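Using mature numbering (1 follows the signal peptide of the UniProt record, and there is no 0), the letters of the sequence shown correspond one by one to residues -21 to -1, 1 to 224.
Every residue, glycine too, gets a C-beta built ideally from N, C-alpha and C.
Note that the coordinates shown come from a computational prediction; the quantities given were computed from them, not determined experimentally.
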Amino acid sequence: MNLTQLTVFAFLSIHLLSIFADFNLVTPQVNASNSQQVATEFTPPDSKGDDNREGSGSRTGCPAVTKPLTAIIPNSKIDLTLSAYPTFWVYVPYQSNGESQAEFILLDDQEEAIFKEKITLSGTPGIIKFKLPQNVPGLEVGKTYSWQFAFICNPKIRAEDDYVQGAIQRVAPTVALINQLEQSTTPLEQIEVYAQNQFWYETLTMLGSMRQQKLQDPQILEEWKELLTSIGLENLAEEPIISQD
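Written out as structure tokens, the structure is:
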């Protein structure tokens, strides 16, 4: 790795830490009345994928639901990130009187599980997020990984799990991308830069965290709806984002 690449990585590390420090994203105040209007739409970097972003609850032992378990990703083969520790978002439709459980699994390009963790859910239907913890090896630049999120319908019969999956690749930032981010004056402009450069996980996590913090902001809500509509998930735009804290 040459000096220019090291400089780029150092900048990105500082920049992403300021944006994605844990789940509690802190962003500058956005005034919808005077901020620049931005259309947050996303075009995935490749052709249609295997359509594994939706579960098949009707063919499992899970209760019937009107909307399927859904990974909040474009229907593409591979989605890109800049982060070694990205955040994954999933819509969970299942309701229960008490806590329920899911399992997140990260696999390498040989389909070997390199990280696995059970997640306790509140039992309230909605969108949840899971950040890859920093006490495990992060994603390596240039490598492709797959991930699975399984809702455990019957702990005694795991074959009845309802699950979704996606593929993710970490790439190095370019000098052009860093320049675009430096020239962005608002969080929404930064999100648009990520979207235009096809970095799905940064686009979704930054806008989703703003949506969670600014529930009554009409501009943030509109951008959230536009983003999900652009990837064919407009039916989830009104679903709540459920805190796992």
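{"Item": "Can you give me the C-alpha to C-alpha distance between Ile131 and Ser101, rounded to a whole angstrom?", "Value": "13 Å"}
{"Item": "DSSP on Thr208, reduced to helix/strand/coil?", "Value": "helix"}
{"Item": "Determine, using beta carbons only, whether Ile220 and Gly187 come nearer to each other than 8 Å.", "Value": "yes"}
{"Item": "Between the beta-carbon of Gly145 and the beta-carbon of Ala216, is there less than 8 Å?", "Value": "no"}
{"Item": "Would you identify the three-state DSSP class for Gly187, choosing helix, strand or coil?", "Value": "helix"}
{"Item": "In three-state terms, what does DSSP make of residue 306?", "Value": "What the structure shows of the chain is the stretch from -21 to 224, and residue 306 is not part of that stretch, so it cannot be assessed."}
{"Item": "Quick check: what's the CA-CA separation for Ile93 versus Thr60?", "Value": "18 Å"}
{"Item": "On the DSSP letters alone, give me the boundaries of the alpha helix (DSSP H) that Leu156 sits inside.", "Value": "154 to 162"}
{"Item": "Comparing C-alpha positions only, which one of Gln198, Leu111, Thr153, Pro116 sits nearest to Gln127?", "Value": "Leu111"}
{"Item": "Below 8 Å on the Cβ atoms is my guess for Ile107 versus Gly40; work out the distance and round it to an integer in Å.", "Value": "No, Ile107 and Gly40 are not in contact; Cβ-Cβ is about 21 Å, not under 8 Å."}
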